[in-house]
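Chains as they are written, first to last, in the working numbering: chain L, 962 to 1307; chain A, 962 to 1307.
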């Protein structure tokens, strides 16, 4: 007797059956995607553009906790987190490959959900899935994504171009993703001590979305083109503002003055931070996964951005010798510390 | 007191320290590698070439067994297995990104050994390491490699171009990697039942090297250029000859006659196969990881290859309706079965 579709298992389907299942709905949309899934490798045509490449690996229990991460959101976030690196080059993501390792606890429906999230993000950001590798794992879920993007030679922005007197600018607001994680972890502890308790997530919609379903800032890259701005340096905020400022300053061989009062923090991030007795500035400086863009621009561009509600000038670049300093609310200057996310220490 | 270098742990070094340690020796060698490690993404220039991309994921306990896999070999094999996919497109690998997940049992020295193997393979095949992601894992070691290569439009070879009367050709010999694995697994069982026993690997050098340190067939791609041959279709043998023949025939919409007597099997593979009571043909058909190239050529090219000691004509392509058949040593034709490696069933 033939099993019904929904009763099929990973074993019934086999490796090639699974590949067919998860790739059948792929449609290539980018001109540069000549051949996608289905051969030994994909073939791309980037004749007049630079090729920009980035890789991220996400591992269950390290980067995400399945007890509170919806699978579709996980797939979505895996894509947005990775393409954020391409936007941080002032370039556009065009293709991704997906390495997926799955333990036997994952059902076909679970895999479908992950891919639904992946495809949704790809559709939103105009990215083609062109290949990958799907395999079993001993423990848990592993997602490794490589994004390939295109950039124009005169637009690609590195970390190393910041110069004295440039303005330090950030998109969106900071610390929300970390506060969302903190709430989810608290509710998990409550649930562990009493599985009959319902999680209390009310009023935390914004920070939960920041943690579970972050977006990448394509709109900011579009804005640069509209405003005819080329940042002098740029990085995306995946490890916390402080850590990223250190990267920019180190690579550019400069110092920086950062004004605490300028750091954009959403009211709900602020409120939750206070509830947890964490200084909201600390959440913004050291909380990770905001996927906002941090960049520097020449002062002459200030007029162009000053009315943008989604961009905030945080401070300015100084000589290297002046160091990297946080000017506190009380106007006291202290050397900034970059704690950030260290996957081997945290 | 400062710890000595060799006593440093992963925790002392931290994520960025580790990245610096494993990337400091990288030198970019390819013209197409404009910017490698050190920014949000790498930047490549492929202005006159097609970009060819492939991704592989290797997971401890699934794809390799640390009890008998030297780490340096593992790094080497992770690269050669992946770049083999690029050669299978009749293209040349130029860059790789490496996603590495490591559990706490791995020391810094272990990581260094893996990278030594990775860099050795990259050096041998002219490939630049341009980026990656290094993170901790809950369990064991995960290596995900994406290779980017360059191909000329008129040379790139897909799986779908085989046509009736083409010759089916394979490089090297088959089944060795599988027999090497079989010997290693036997010795592991012996060692588990009596840890004082020394593994008996004598006389198995060739098949052990096929399993632990396989090469990719760049030389065959070079040969195609020397001989001015463009294969009509090509695939690399990672899952076993039978499985790959099925892929070529399915994609090309053709059938195939494969002659058992023609399948190239090294004497040591043959001998070991007999010791394990496995028909050597079965080892060649269904054993994986040989990383040889299987391709089809127009009959007019036969004269050019007939004296190449490293190429063997295995059979020929037929109409789809004739099916995919193995002509046995006794001249009996039976439909070929593709068992291959199924990572979800085996």
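Glycine included, each C-beta is placed from N, C-alpha and C at the ideal position.
Item	Value
Amino acids of chain A, ordered along the chain, whose beta-carbon sits closer than 7 Å to that of residue 1196 (chain L)	1001
Against chain A: residues of the segment 1089-1108 of chain L by CB proximity under 7 Å	1091, 1092, 1093, 1094, 1096, 1097, 1098, 1099, 1100, 1101, 1103, 1105, 1107
Cutoff 7 Å; reference residue 1076 (chain L); Cβ partners in own chain excluding five residues on either side	983, 1036
Test: residue 1111 (chain L) CB closer than 8 Å to a CB of chain A	no
Proximity below 8 Å, CB of residue 1181 (chain L) to CB of residue 1254 (chain L)	yes
Residue 1263 (chain L) burial status per 10 Å Cβ neighbour count (16 or more: buried)	exposed
Residue 1100 (chain L) burial status per 10 Å Cβ neighbour count (16 or more: buried)	buried
Chain-order list of residues whose beta-carbon lies under 6 Å from that of residue 1108 (chain A) (same chain, five-residue window excluded)	1015, 1043, 1044, 1047, 1054, 1057
Sequence-distant residues of the same chain with beta carbon closer than 7 Å to residue 1279 (chain A), five excluded per side	1125, 1215, 1216, 1217, 1218
Close beta carbons around residue 1302 (chain L), own chain, < 6 Å, minus the five adjacent residues each side	In this prediction, residue 1302 (chain L) has a pLDDT of 46, which is less than 50 and means its spatial position is unreliable; what the coordinates show is noted afterwards. So the list reads 1200, 1249, once near-sequence residues are dropped.
Whether residue 1179 (chain A) touches residue 1086 (chain A) by CB criterion (8 Å)	yes
Reference residue 1298 (chain L), options L:1291, L:1269, L:1186, L:1242, closest by Cα	L:1242
First and last residue of the uninterrupted alpha helix (DSSP H) at residue 1078 (chain A)	1069-1086
Under 8 Å between C-beta atoms of residue 1173 (chain L) and residue 1122 (chain L)	no
Coarse secondary structure for residue 1119 (chain A), derived from DSSP in three states	coil
Reduced DSSP secondary structure (H/G/I, E/B, other) of residue 1140 (chain L)	helix
Closer than 8 Å to chain A by CB, residue 1131 (chain L)	no
Collapsed DSSP secondary structure at residue 1218 (chain L) in the structure displayed	strand
Sub-8 Å separation of residue 1193 (chain L) and residue 1127 (chain L) beta-carbons	yes
Touch test, the segment 1012-1032 of chain L against the segment 1220-1239 of chain L, Cβ-Cβ under 8 Å, three pairs minimum	no
Contact with chain A by residue 1005 (chain L), beta-carbon distance below 8 Å	yes
Chain L contacts from the segment 1003-1035 of chain A (Cβ-Cβ distance under 9 Å)	1003, 1004, 1005, 1006, 1007, 1008, 1009, 1010, 1011, 1012, 1013, 1014, 1015, 1016, 1017, 1018, 1019, 1020, 1021, 1022, 1023, 1024
Cβ-Cβ separation, residue 1275 (chain A) to residue 1224 (chain A) (assumed contact under 8 Å), whole Å	6 Å
Straight-line gap, residue 928 (chain L) to residue 1164 (chain L) (C-alpha atoms, nearest Å)	Outside the shown range of chain L (962 to 1307) lies residue 928 (chain L), about which nothing can therefore be said.
Cβ of residue 1313 (chain A) within 8 Å of any chain L Cβ	Any property of residue 1313 (chain A) remains undetermined from this structure, which presents chain A solely from 962 to 1307.
N-terminal and C-terminal residue of the beta strand (DSSP E) that residue 1286 (chain L) is part of	1285-1288
Within the segment 1226-1277 of chain L, ranges of the beta strand (DSSP E) (whole runs, at least 3 residues)	1254-1258
Cutoff 8 Å: residue 1193 (chain A) Cβ touching any chain L Cβ	no
is_contact[residue 1047 (chain L), chain A] using C-beta, thresh 8 Å	yes
Closer than 8 Å to chain L by CB, residue 1222 (chain A)	no
Interface flag, residue 1250 (chain A) vs chain L, CB-CB below 8 Å	no
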